[in-house]
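Contents: one structure, followed by commentary.
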Amino acid sequence: MSGEEEGKTPRSSKLGMAKCLMNCEVAVILEHKYEQLQQMSDDPLNQVSQVFEKSLQYVKRFSRYKNPDAVRQVREILSRYQLAEFELCVLGNLCPETVEEAIAMVPSIKTKGRAHDDEAIEKMLNDLSLIKKFE
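All residue numbers for the sequence shown refer to full-length UniProt numbering, where the first residue is 1 and numbers rise by one.
Given below as structure tokens:
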């Protein structure tokens, strides 16, 4: 594809194929990378960049789930509901407590033709709250 044709590709089609990550998933990845960098470098002058550290602080602060097993379970549970990637991440990041909150945050989960009635959304939220409770 030429550069000109590539420029005509709608952004939404590129974004639709992208894999979104929840804050808690990014935190697990960055923590692992941080540990690797610390082990590889015995030189105190070879420090992690400020951007890396700020990013790690941000995702740790805003992660609703801290345990890597809980993070994996959240993705598994939300994946069962055939959510779009961005829907999954919004719900995983914000952890709505009620069906009304979930629909307000992600109105597309209630659109026609989708199998997300209030009962299904309530079950999904209950499953998420159980993970949080036992984390």
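We put the beta carbon where it would ideally sit given N, CA and C, even for glycine.
* So, using beta-carbon positions, are Ala102 and Leu91 closer together than 8 Å? -> To locate residue 102, count along the sequence shown from 1; it is residue 102. To locate residue 91, count along the sequence shown from 1; it is residue 91. For Ala102 and Leu91, yes; Cβs fall inside 8 Å.
Quick check: what's the CA-CA separation for Cys24 versus Ser108?
Against the sequence shown, residue 24 aligns to sequence position 24. Against the sequence shown, residue 108 aligns to sequence position 108. Near 23 Å, if we compare the C-alpha coordinates of Ser108 and Cys24.
So the alpha helix (DSSP H) Asp89 belongs to, where does it begin and stop? For the purposes of this step, residue 89 is taken as the residue at position 89 of the sequence shown. Before going on, a small fix: residue 89 reads as Cys here, not Asp. Unbroken alpha helix (DSSP H) run through Cys89: 85-94.
Exercise for the section: Answer with buried or exposed for Met22, where buried requires no fewer than 16 other C-beta atoms within 10 angstroms of its C-beta. Expected result: Residue 22 sits at position 22 when you count from the first residue of the sequence shown. Met22 is classed as buried because its beta carbon has at least 16 other beta carbons within 10 Å across all chains shown.
Boundaries of the alpha helix (DSSP H) in which Asp118 is found, first to last residue: Counting from one through the sequence shown, the residue named residue 118 turns up at place 118. Run containing Asp118: 118-134, per the alpha helix (DSSP H) assignment.
_Span separating the alpha-carbon of Ala115 from that of Ala84_ = Along the sequence shown, one-based indexing puts residue 115 at 115. Along the sequence shown, one-based indexing puts residue 84 at 84. Looking at the two C-alpha atoms, the distance is approximately 13 Å.
- Buried versus exposed, by CB contacts within 10 Å (16 or more), Ala104: Mapped onto the sequence shown, residue 104 falls at position 104. Residue burial is scored here from C-beta neighbours: Ala104 has fewer than 16 other C-beta atoms within 10 angstroms and is therefore classed as exposed.
ask   = In this structure, does DSSP put Asp69 in helix, strand or coil?
value = Position 69 of the sequence shown, counting from 1, holds the residue named residue 69. Asp69: helix per DSSP, three-state reduction.
- First and last residue of the alpha helix (DSSP H) that includes Lys54? For the purposes of this step, residue 54 is taken as the residue at position 54 of the sequence shown. It spans 50-61 - the alpha helix (DSSP H) in which Lys54 sits, taken as one unbroken run.
Between the beta-carbon of Glu135 and the beta-carbon of Lys60, is there less than 8 Å?
One-based indexing of the sequence shown puts residue 135 at position 135. One-based indexing of the sequence shown puts residue 60 at position 60. Their beta carbons are not under 8 Å apart, which means Glu135 does not touch Lys60 by this criterion.
Whole angstroms is fine: what's the gap from Tyr58's alpha carbon to Leu130's? Taking the sequence shown and counting its residues from 1, one reaches residue 58 at position 58. Taking the sequence shown and counting its residues from 1, one reaches residue 130 at position 130. Spanning the two alpha carbons is a distance of roughly 25 Å.
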